[in-house]
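S.K.: Numbering (this note's numbering), first residue to last: 223 to 461.
#1: Since residue 245 and residue 301 are thought to touch, with beta carbons under 8 angstroms apart, how far apart are those beta carbons, to the nearest angstrom?
#2: Just to confirm the assignment, what range does the alpha helix (DSSP H) spanning residue 313 have?
#3: Where are the alpha helix (DSSP H) runs, 4 residues long or more, that stay fully inside the region 383 to 419, in chain order?
#4: Could you check if residue 353 is buried or exposed, using at least 16 other CB atoms within 10 Å of its CB as the buried criterion?
#5: Identify the continuous alpha helix (DSSP H) that holds residue 225 and give its terminal residues.
#6: Where does the unbroken alpha helix (DSSP H) through residue 337 begin, and where does it stop?
#7: For residue 230, does the three-state DSSP call read helix, strand or coil?
#8: Is it true that the CB of residue 364 sits closer than 8 angstroms to the CB of residue 266?
#9: Whole angstroms are fine: how far does the CA of residue 255 sit from the CA of residue 224?
#10: Pick from 359, 384, 230: whose alpha carbon is nearest that of residue 287?
#11: Counting pairs of Cβ atoms below 8 angstroms between the region 258 to 274 and the region 295 to 312, do you hit three or more?
#12: Along the chain, where does the alpha helix (DSSP H) containing residue 294 start, and where does it finish?
#13: Give the DSSP-derived three-state secondary structure of residue 256 in the structure shown.
#14: Residue 427 to residue 433, Cα distance in whole Å?
#15: Buried or exposed: where does residue 261 fall if 16 or more other Cβ atoms within 10 Å of its Cβ makes it buried?
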């Protein structure tokens, strides 16, 4: 999309991320009501479908990229992300934080494999088959995930009734406010390096081979950042 500005291109990734977290309002409710398997299946189908549709995008056709990647994948990720994390709490009590950290490290592993795979396939087979190859890999992983993930606790409708949440108390809780503020600041700085590190390295004269692998190196390092603090958090929560 050489005819588009950096701002217009950035809207694709930012819209996808916005929908990924915004859809948690929907997928979280479905998860609580006992529709975990349906939610995961729908998200998986939509995710694979949008990747295949993205492979059909023509050069400089902005909407053909924006619709599947920003809107479609954003909604699909929103349906998949929160239930996949939430179901971990069904199976772990003592070391729940570490378990979640290990699960989330799966995105780091994907961040190692996919940049290398896509760069190689783009060079050899072009954009369309590069995206399709990633779609087939993702589809296979999603099929395995749908077969393996299982809930343990009954849905909300089958549990004893509980009083409705006190949203005023939640929104005025200092610990919660601090956590939200911290998450906001993290998100402000988290994705800029991920999106631009390879371009930044090339522009500043870094060796092309190192620049090529910089994103994979960044994701490899994030495995430690996703597991070690969670390991410490489990021990800290016992005090």
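Even glycine gets a Cβ: it sits at the ideal position worked out from N, Cα and C.
M.R.: Judging by the given coordinates:
#1: Contact check for residue 245 and residue 301: beta-carbon distance about 6 angstroms, within the 8 angstroms limit, so the pair qualifies.
#2: Its alpha helix (DSSP H) spans residues 310 to 313.
#3: Entirely contained in the region 383 to 419, the alpha helix (DSSP H) runs reaching 4 residues are, in chain order, 389 to 393.
#4: Per the 10 Å Cβ criterion, buried.
#5: Membership of residue 225 in any alpha helix (DSSP H) is not indicated, and neither H nor E is assigned to it by DSSP.
#6: Note, residue 337: alpha helix (DSSP H), 318 to 347.
#7: Reduced to three states, the DSSP call for residue 230 is helix.
#8: Their beta carbons are under 8 angstroms apart, which means residue 266 touches residue 364 by this criterion.
#9: Residue 224 and residue 255: Cα-Cα distance of roughly 46 angstroms.
#10: Taking only the C-alpha atoms, the option nearest residue 287 is 230.
#11: Taking a cut-off of 8 angstroms on C-beta distances, the region 258 to 274 touches the region 295 to 312, as three or more cross pairs fall below it.
#12: Unbroken run through residue 294: none, as it is neither H nor E.
#13: Three-state result, residue 256: coil.
#14: Pairing residue 427 with residue 433, the inter-Cα distance amounts to about 9 angstroms.
#15: Around the C-beta of residue 261, 16 or more other C-beta atoms lie within 10 Å, and the residue is accordingly described as buried.
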